[in-house]
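Residue numbers (full-length UniProt numbering): 1 to 157.
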C-alpha cells in the first residue's frame, strides 16, 4: 500500500464529470478517480474547511463514529475492476467495511485519516508525472483554489 494525498477535485470537460485527483506520497504517480457531483461537493467542502449549516452524510457518519467511540484508522483504495474502483474503511477494532472511494475519501478528510492505494491500483490506473511536468499539476492546484462546491451543481440541505 502506498500513502496518497488528495490534490483536489475538478470537473472534467467536455463530459462535465467531476474527478478527484490523488497523489502518491513520496512518488511521482497521480490517481484520478471519476466521482459523482455530491461526493465532489463533500470532498471540496472538507478540503476548504467548510461546515454546512446541516451535516452532510459524511459529516453525520463522522459524528456517529465519534458518538459510538469508533476510530477510522485507514482508508484503502484496494481494487479496480471493469473501470470501477473499490475501497475499504479500516477501523481500530479491526473491522473493515467496503466503500466507494469517493465516500471513503470524503470521510478520511473529515477525520484526518490516511488514505492508501494498492500497488495494483496504482500500477493499473496511476499516471506518472515526472518533476518537469509538475507545473501542469501546479496549474491544476491553482484551478482547484478558485473553484467552489457550488460549481458542481449540487446544494446541501
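Glycine is no exception: its CB is placed at the ideal position from the N, C-alpha and C atoms.
Span of the beta strand (DSSP E), counted from its first residue to its last, around residue i
i          : result
residue 99 : 96-99
residue 43 : From DSSP, residue 43 is part of no beta strand (DSSP E) but of the alpha helix (DSSP H) over 37-48.
Reduced DSSP secondary structure (H/G/I, E/B, other) of residue i
i           : result
residue 68  : coil
residue 105 : helix
residue 21  : strand
residue 8   : strand
residue 92  : coil
residue 28  : coil
residue 57  : helix
residue 78  : strand
residue 15  : coil
residue 51  : coil
Residues near residue i by beta carbon distance below 6 Å, same chain, minus five either side
i          : result
residue 17 : 34
Cβ-Cβ separation, residue j to residue i (assumed contact under 8 Å), whole Å
i           : j          : result
residue 117 : residue 31 : 6 Å
residue 96  : residue 88 : 5 Å
7 Å CB neighbourhood of residue i in its chain, flanking five on each side removed
i           : result
residue 125 : 31, 80
residue 64  : none
Residue i - containing alpha helix (DSSP H), residue span
i           : result
residue 117 : That residue, residue 117, is in no alpha helix (DSSP H); its beta strand (DSSP E) goes 115-117.
Other residues of its chain near residue i: CB distance less than 8 Å, five sequence neighbours each side excluded
i          : result
residue 25 : 2, 3, 4, 5
residue 36 : 18, 102
So, does the stretch 43-52 touch the stretch 5-13, judging by three or more C-beta pairs under 8 Å?
yes
Kindly confirm or deny that the stretch 106-114 and the stretch 65-83 touch, where touching means at least three C-beta pairs closer than 8 Å.
yes
Hey, is the stretch 94-111 in contact with the stretch 54-64, meaning 3+ C-beta pairs nearer than 8 Å?
yes
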